[in-house]
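What follows is a short report on a single structure.
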Amino acid sequence: MLYTVKKLTFIKKCKGIKSKNMADIVDTAANAGSFNTLVAAVKAAGLVDTLKGSGPFTVFAPTDEAFAKLPAGTVDSLLKDIPKLKKILTYHVVSGKVLAADVVKMKSATTVEGSDVKIDASNGVKINDATVATPDVAADNGVIHVIDTVLIPA
């Protein structure tokens with residue numbers, strides 16, 4: 015019995031320390047295999063250290079297929095225009111860990127970029143014109159919601 019009490023005390027003291035069993039947002043996206051363009055863009059924009067930070071962050075992560083829907087040459091153009099790339103990428107990030115159960119109660123959310131994204135949960139969940147394909151992908155410094163369209167700030 016004493017052992018159990020000590021074990022629970024240890025667990026409570028360790029709460030808030032990053033788990034070694036779960037990857038951060040960048041590594042979670044990289045390991046998934048369907049966010050190669052997003053990860054490359056995050057690296058090009060110099061945002062890796064930020065998104066590997068303690069956060070927590072909520073990332074609306076467009077898949078490689080979402081990036082492929084952009085007009086030809088758009089991704090290459092963005093990779094050469096780092097300020098614009100950063101603006102677009104930070105438009106996909108909300109401060110805090112916002113799980114799907116919370117997202118569906120919201121009408122909008124302010125992004126790290128500074129603008130709001132519109133949220134519509136009347137028929138599935140849409141972030142602006144993007145559909146959330148997979149919600150609540152856990153990371154040790156936040157959560158990823160997979161979306162099917164790249165979000166472009168106004």
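Each residue of the sequence shown is one higher than the last, beginning at 15 in the numbering used here.
Each residue gets a CB set at the ideal place from its N, CA and C atoms; glycine is no exception.
Across the region 132 to 141 and the region 109 to 118, are there enough close Cβ pairs to call them in contact, namely three or more that are closer than 8 Å? yes
Pull up the DSSP beta-bridge partners for K140, would you. Taking the first residue of the sequence shown as 1, we reach residue 140 at position 126. Answer by DSSP bridge pairing, in chain order: D134 and T145.
In three-state terms, what does DSSP make of S48? On the sequence shown, position 34 is the one that residue 48 refers to. Correct three-state label for S48: coil.
V164, DSSP secondary structure in three states: Position 150 of the sequence shown, counted from the start, is the residue given in the question as residue 164. Reduced to three states, the DSSP call for V164 is coil.
K100 burial status per 10 Å Cβ neighbour count (16 or more: buried): In the sequence shown, residue 100 corresponds to position 86, counting from 1. Classification of K100: buried, given that the 10 Å Cβ count is 16 or more.
Per DSSP, cross-strand counterpart(s) of I158: As a position in the sequence shown, residue 158 is number 144, starting the count at 1. According to DSSP, which records beta bridges pairwise, I158 is partnered with V73 and V151.
Own chain partners of N50 with C-beta closer than 7 Å, once the 5 adjacent residues on each side are dropped: Taking the first residue of the sequence shown as position 1, residue 50 is located at position 36. If we look at N50 and ignore the five residues flanking it on each side, its Cβ neighbours are D78.
With DSSP as the reference, label T42 as helix, strand or coil. Locating residue 42 in the sequence shown gives position 28, counting from the first residue. DSSP places T42 in helix when its eight states are reduced to three.
Since I158 and A75 should fall inside the 8 Å C-beta cutoff, what is the C-beta to C-beta distance between them, to a whole number of angstroms? Taking the sequence shown and counting its residues from 1, the one referred to as residue 158 is at position 144. Taking the sequence shown and counting its residues from 1, the one referred to as residue 75 is at position 61. 5 Å between Cβ atoms; contact.
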